[in-house]
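**Q** If you scroll down you'll find the structure; I have some questions about it.
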Amino acid sequence: MTDTASRELPLQEIDEVIIRFAGDSGDGMQLTGDQFTSISAALGNDLSTLPEFPAEIRAPQGTLAGVSAFQVRISDFDITTPGDAPTVLVAMNPAALKAQLHNLAQGGALILNTDAFNDRNLEKAGYSSNPLDDGTLDDYRSYPVPMSQITRDAVAEHGVKPRDAERSKNFFALGLISWMYTRPVEPTLEFINTKFRGREQVINANTAAFKAGYNFGETAEIFEAHYEVKPAPLAPGEYTNVNGNTALAWGCVVAGQLARLPVFLGSYPITPASDILHEMSLKKNFGVRTFQAEDEIAAAASAVGAAFGGALAFTSTSGPGLALKGETLSLAVSLELPMVVLDIQRGGPSTGLPTKPEQADLMMAMYGRHSESPLPIVAPRSPADCFDIAIEASRIALKYRTPVIVLSDGYLANSSEPWLLPDVDALPDIGVDFATEFNGTNEDGDGIFLPYLRDPDTLARPWAIPGTPGLMHRVGGIEKEDGTGNISYEPENHQLMVDLRQAKIDGVDVPDVEVAGEADADLAVLGWGSTWGAIDAAAGRLRDDGHRVAHVHLRHLNPLPANLGEVLRRYRAVVCPEMNKGQLCDLVRAKYLIDVEHIGKIDGVPFTTGEVTSAVRKRLEELAGS
Amino acid sequence: MTDTSITPTTQPGDWASDQEVRWCPGCGDYSILTAMRMLMPSLGTEPHNTVFVSGIGCAARFPYYMNSYGVHGIHGRAPAIATGLAMARPDLDVWVIGGDGDMLSIGGNHLIHALRRNVKIKVLLFNNQIYGLTKGQFSPTSEIGKVTKSSPMGSLDAPFNPLAVALGAEASFVARTHDMDRQHMMDTFRRAHEHDGAAFVEVFQNCNVFNDGAFEGVTKKQNRDANLISLTHGEPIQFGADGEFGVIDESGCARVVHTADVSTDELLTHDETKHDPSTAFMLARLARGPFEPTPIGVFRAVRRSEYAMASTRQLAAAQQKQGAADIAQLLRSRGTWYV
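Sequence order for the protein chains is A and B. If you read the first sequence in the working numbering, its first letter stands for residue 646, the second for the next number, and so on. If you read the second sequence in the working numbering, its first letter stands for residue 136, the second for the next number, and so on.
Structure, rendered in C-alpha cells:
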C-alpha cells in the first residue's frame, strides 16, 4: 500500500467484530458501511448489517436528529443478527458520539474525528463539556484522529475546493477501518472509480482520502494492533449480498418468470418500501411494468385491474398505505383475483417512525378490512428469505386466486446478509392455467362459462382473462351467486359465499412448522418475521448454557400451520417476542387457547440477541423454580 | 367520421348480457346503454376484446348489462383499475363508466391522473347532477342552492364543470353528448373509441327520480334550437334556426351573439385539434348551466403519447439494452463471490 516503512504491528485474529459508522446524514455513512460490507463479503466472512437513518433527508447538520448510522457485523462463524452492541464505533462528530455511545460495548473502541469536536458542534450535540477530555470516554478505548484536517491535506493537491474537501472524510474513515481489519484496498479503489465515473476530481479526492486513512493506521502509532477476521465456514457455493427489499423485488420479478406471467407493480412511494419500486422499475427487460400511481388506493386498484387482465400483480407499501388499500383488498377478496401486497412495516400509528421497524401491522393484515375478508399472510424471516417469500406469496395468490399480504419490515428491508444463490433450475414452477373453455351448460344444454365454479380441491375459481373468446363475464364487488357470479342478494347464497371464501383461505397448503432445538424442551420461543435472527441466536446461547429451549418460527401467519397447536402444547411455556403489543400472541391464544406469553419491544429498534436471551432466561428460571 | 370499411361481425344483440337491466323505468341510462350496444358492432371489435370497468353508483351497473368482460369495482376507483388493466393489456378496448359522484367526488383524483397520463381508456361520465343510488343528495355537479335531503336549505357547494376539469387535467380528448340523441351519442362514443389515448365524454343523463329534467332546457327537442350548440370541426360555431346565433371570442371569453350583428369571420371556427386548450376551455364554460346555450360534440382531440404504448416501448428498449430476462444474471447483478 505504501512505501513508508511500516511498523511491525501485531496481527491479531478475532472471530468477529461489530462496527458502527455514525455521522451526519450528509456524511456518507451508509455508503461507507455498504462498501465495508461488500469487501468483507468478498473475503468470505459471514455478515449482517443494520442501517439506521433519520426520516429527514438532511436534518440540521451536527444535531442528534441528523445522525445516520450503519452497523455491520463480520465473523468467521455463522451469524443471524447484526449484533447487539458494536465493539467499534466510528463517530464523525459530537452528535454521532452522543447518539451512539450508549450502544457501544463496554471497553469498545472509539474512533473519533476530533476536528469536529469544536464548541459549535459540541453545543449542537448538547455537550456542556468536551467528552474527549472530561472523562466521559474513560470506559472505552479512544482513538482520536483529526480526520477532517488529514483529509483536507490529502485532497489538496487535486484542486478540490476546501469547502468540498471534507466531503471525502468518510473515505478516510473507510480507509482507516480497512487497515484495522486488514481488508484489501483494490475493491474500494475500483468501487470509487465506478461509483463516481466521469467525475475525475471526485475520484481523485476520494481515492486520496481513502489511501490517507489506510496509511494513517499504519503509521500513526496510536493503534496497538490490527486485526483479521477469517472467512466463515459458509456452505460452499456462489454468494451475493442482498438486503430484504432487493431480495423481495427480485423474488417478485422471478415469480413472474416461474409463473410465465408478465409482472405488474402498482406502487406509491413510501418509506421504507420505495426501494422495491425502484428496483423493480430497473427490471423492464423482464417485462416488468411498474406504475407509480397517484395514491396508495390507485396503486392497489391498478394491481386489481392488471390481475384481471392476466398479470402477476403486486403492490408495495408500508402501514399507512396498507390502511388506505383496505377497501381495494376487500374487492380483490371478493373478485377472487391473485395479487400480492408487500407491506414493509414501520413504526406507527400515523406517520410514526418511517425509517424504523415494527411488527404491528399483523392484526391489520389479518382483520383490517370491512366484513369477513380473509386472505393469506406470509412473513420473511431474514433478508435473503424475502426472495423465497415473494415466490411463495405469488404461488399462493395464483393457486387460490386471492390477494396475499407479505409482512416484511424496515429492519429486513435495509439489513443485508450473504445469500447462497439458489439453483435457478430448482425454483418451483408456480404457473397456473387460464380458463379457455366453457365449464357448464345452461338449461338449453348450451355451453356457458361459470366464473365462480370452483376447483373442488382448492376452491379457487377459474381465471378467464379478457381476450378469451366466449368466456366474457362480469365480476364485481356486489355479492355474487355461487357458480354464475351474477349479482345475488339471496340470504343462503351470501352465507355460502362467505363460508366458501373462508374455507378457501383456511385450506391454503401451508407446510407444517418446524421446531429448532430439542423436541422435549421445557420452553418454546414462538416468533414470526424478522425476529428470527435474534431468537435463533438467543436460543443458541441458552442451549450453550444448558437450557432446553425450542424455537418455533412462523413464515405463514394465515392460515397457520396445521400442526402449530399440537407443537406448542408440547411445552410447559411458550413465549413470543414481537415488536408490537402482543398481536401474534392474541391470535394464537384465540385460536388454540394456549397461554402464549408476550415479550414486547416497540421502540423502533430490532430485538437484540441479549434482550431475547435475558427475557427467555428469566422465564426458564421461573419454570425451574416452579 | 364513420368508418365504412368495417364489416360488422356482431349484432347489437350480441352485446347484451343475459342480465335483467335494473335501472328505474325512464332512466336516461337506458338510452345510453342502447346507443352503446348499437354502436359496438360497427367499431370492428369483439365482445371478448372489450372490457367495461366501473365504480359505484347507478351508472356503474353498466358493465353487468354488456356481454363483454367487465369489472364492477369500488367507489371512485374505476379509472385506477382501468389504468392497470390497460397497461397490462394494451390490446384491449377498455371503457370506464361512472357517474358524477363516482368520478368527480370520491374518484376525482383517479380521473384527473388517468387523463393527464393519457392511458388508453374511454371514460364516459354520466352526469345527472345528483346522487341517485344513495337516493338524492347533491353531487359535485349540482348547482349552488340545490335543495336535497342533505342540503335542506340549499347546497353551498360550487359545482365542478366536468369538461373544464378534464381540460385542466390535460385530457387529449374531451367531448359532451346527451341521452336524448342516440345518434349523437354513437358518433361521440365512436370518436372516443378511435382516439389513441384517454378520452373523456360527459353525457348529460336524466335522473327522472331524483333530478328530473335537469338538462331539459338544453336537450328537449323544442329547446334545442335555442340552447344546443353542436360543435363541428372546421365550421363556424353557429346555432338556432338558420344559424341565428353564433359564438365569438370576446377578449378570451366565449360569448353568444346574433349572427346578424357580426361579420362571418368574427365567429369562432371550431378547431378541436388546437393544441392550446384555451378555446376549448372557453367553450366549456360558455354556459353557466344547462339552461342557456350549451355546446355539445368534440371539444378537443389532440395527439399525445399514449401511456400504455409508451410503457411497452420502454420494455422493448430495456430488452434491447439489458438483454432478455435471465434469472441467473439477475441474481448475480450485484456481484458475487465463491465460498
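Positions of the beta carbon are idealized from the N, C-alpha and C atoms, including for glycine.
(1) Please list the segments of the alpha helix (DSSP H) lying wholly inside the stretch 671 to 746 of chain A, counting only runs of 4 or more residues, in order along the chain.
(2) For alanine 650 of chain A, name the three-state secondary structure that DSSP assigns.
(3) For the structure I just gave you, are there three or more beta carbon pairs, one from the stretch 310 to 319 of chain B and one from the stretch 431 to 444 of chain B, closer than 8 Å?
(4) Using a Cβ-Cβ cut-off of 8 Å (strictly less than) and excluding sequence neighbours within five positions of arginine 1234 of chain A, which residues of its own chain qualify?
(5) Beta-carbon within less than 6 Å of serine 969 of chain A's beta-carbon, same chain only, minus the 5 sequence neighbours each way: which residues are those?
(6) Within this structure, are the beta carbons of threonine 726 of chain A and alanine 1161 of chain A separated by less than 7 Å?
(7) Could you say which of A/Glu697, A/Thr682, A/Ile684, A/His923 lies nearest to tyrosine 913 of chain A if we only look at CA atoms?
(8) Between which residues of its own chain and glycine 932 of chain A is the CB-CB distance below 8 Å, once the five residues before and five after are set aside?
(9) Taking C-beta pairs closer than 9 Å, name the residues in chain B that tryptophan 1177 of chain A reaches, listed in chain order.
(10) Mind the definition here: the stretch 173 to 193 of chain B touches the stretch 414 to 426 of chain B only if three or more C-beta pairs lie below 8 Å; say whether that holds.
(11) Using a threshold of 7 Å, state whether the C-beta atoms of proline 696 of chain A and asparagine 1059 of chain A are closer than that.
(12) Taking 7 Å as the threshold (C-beta atoms), are valine 1220 of chain A and glycine 1244 of chain A in contact?
(13) Give me whichever residues DSSP pairs with arginine 435 of chain B in a beta bridge.
(14) Is serine 1016 of chain A helix, strand or coil when you go by DSSP?
(15) Pick helix, strand or coil for aspartate 406 of chain B, following the three-state DSSP scheme.
(16) Considering asparagine 815 of chain A, what are the terminal residues of the beta strand (DSSP E) in which it resides?
(17) So, serine 813 of chain A versus valine 800 of chain A, is the Cβ gap smaller than 7 Å?
(18) List the residues of chain B whose Cβ lies closer than 8 Å to the Cβ of tryptophan 895 of chain A, in chain order.
(19) Just to confirm my understanding: we take serine 1016 of chain A, look at its own chain, exclude 5 residues before and 5 after, and list those with CB closer than 6 Å. What are they?
(20) Can you find a CB in chain A that lies within less than 7 Å of the CB of threonine 145 of chain B?
(21) Under a Cβ-count criterion, where at least 16 other Cβ atoms within 10 Å of its own Cβ denotes burial, should glutamine 657 of chain A be classed as buried or exposed?
(22) In three-state DSSP terms, what is threonine 137 of chain B?
(23) Quick check on leucine 291 of chain B: buried or exposed, where buried means 16 or more other Cβ atoms within 10 Å of its Cβ?
(24) Can you tell me the Cβ-Cβ gap for valine 254 of chain B and alanine 327 of chain B, rounded? I've got them flagged as a contact below 8 Å.
(25) Note down, in chain order, all residues in the stretch 1102 to 1125 of chain A with a beta-carbon under 9 Å from any beta-carbon belonging to chain B.
(26) Using 7 Å as the limit for Cβ to Cβ distance, is leucine 474 of chain B near chain A?
(27) List, in chain order, every chain A residue whose beta-carbon is nearer than 7 Å to that of isoleucine 462 of chain B.
(28) Quick check on leucine 834 of chain A: does DSSP put it in helix, strand or coil?
(29) Can you name, in chain order, every residue of its own chain whose Cβ lies under 7 Å from the Cβ of aspartate 1151 of chain A, other than the five neighbours on each side?
(30) Could you tell me whether the Cβ atoms of alanine 217 of chain B and valine 231 of chain B are closer together than 7 Å?
(31) Does the beta carbon of arginine 718 of chain A sit closer than 7 Å to a beta carbon anywhere in chain B?
(32) Taking the CB atoms as reference points, tell me whether asparagine 886 of chain A and alanine 686 of chain A lie closer together than 7 Å.
(33) Isoleucine 167 of chain B touches chain A at which residues, Cβ-Cβ below 8 Å?
(34) Can you grab the Cα-Cα spacing for the pair leucine 298 of chain B / proline 430 of chain B, in whole Å?
(35) What are the complete alpha helix (DSSP H) segments, minimum 4 residues, inside the stretch 1151 to 1213 of chain A?
(36) Determine the closest residue to glycine 954 of chain A out of A/Asp1190, A/Gly1112, A/Leu742, with distance taken between C-alpha atoms.
**A** Let me lay it out:
(1) Qualifying alpha helix (DSSP H) stretches, in chain order: 674 to 687, 739 to 745.
(2) Bear in mind that the predicted position of alanine 650 of chain A carries a pLDDT of just 45, short of 50, making it unreliable; the figure below should be weighed with that in mind. Here DSSP, grouped into helix, strand and coil, assigns alanine 650 of chain A to coil.
(3) yes
(4) Asp1240, Val1241
(5) It is worth fixing the name first, because residue 969 of chain A is leucine in this sequence and not serine. Taken in chain order, the residues that qualify are Glu941, Ile942.
(6) no
(7) A/His923
(8) Gly901, Pro907, Val908
(9) Chain B residues near tryptophan 1177 of chain A: none, gap ~22 Å exceeds 9 Å.
(10) Using a C-beta cut-off of 8 Å, the stretch 173 to 193 of chain B makes no contact with the stretch 414 to 426 of chain B, since fewer than three inter-stretch Cβ pairs fall below that distance.
(11) yes
(12) For clarity, residue 1244 of chain A is isoleucine in the given sequence; the question names glycine instead. In this structure, valine 1220 of chain A lies closer than 7 Å to isoleucine 1244 of chain A by Cβ.
(13) B/Val309
(14) Note: serine 1016 of chain A maps to coil in three-state DSSP.
(15) coil
(16) Counting along the chain, asparagine 815 of chain A falls outside any beta strand (DSSP E), though it belongs to the alpha helix (DSSP H) covering 814 to 825.
(17) yes
(18) Leu465, Leu466
(19) none
(20) For threonine 145 of chain B, no Cβ of chain A is located within less than 7 Å of the residue's own Cβ.
(21) Glutamine 657 of chain A sits exposed, since fewer than 16 C-beta atoms from the chains shown fall within 10 Å of its C-beta.
(22) With a pLDDT of 48 at threonine 137 of chain B, under the threshold of 50, the predicted position of this residue should be treated as unreliable, though the coordinate-derived value follows. Collapsing the DSSP output to three states places threonine 137 of chain B in coil.
(23) With fewer than 16 other Cβ atoms within 10 Å, it is exposed.
(24) Not really, about 14 Å apart at Cβ, beyond 8 Å.
(25) Going along the stretch 1102 to 1125 of chain A in chain order, one finds Ala1109, Ile1110, Pro1111, Gly1112, Thr1113, Pro1114, Gly1115, Leu1116, Met1117, His1118, Arg1119, Val1120, Gly1121, Gly1122, Ile1123 with a Cβ nearer than 9 Å to chain B.
(26) Here the sequence assigns valine to residue 474 of chain B, which means leucine is not the residue at that position. Judged by the 7 Å Cβ criterion, valine 474 of chain B is in contact with chain A.
(27) Val899, Gln902, Val1069
(28) helix
(29) Pro1204
(30) yes
(31) no
(32) yes
(33) In chain order: nothing, as chain A lies at least about 17 Å away.
(34) 11 Å
(35) If we require 4 residues or more, the alpha helix (DSSP H) runs fully inside the stretch 1151 to 1213 of chain A come out as 1177 to 1189, 1209 to 1213.
(36) A/Gly1112
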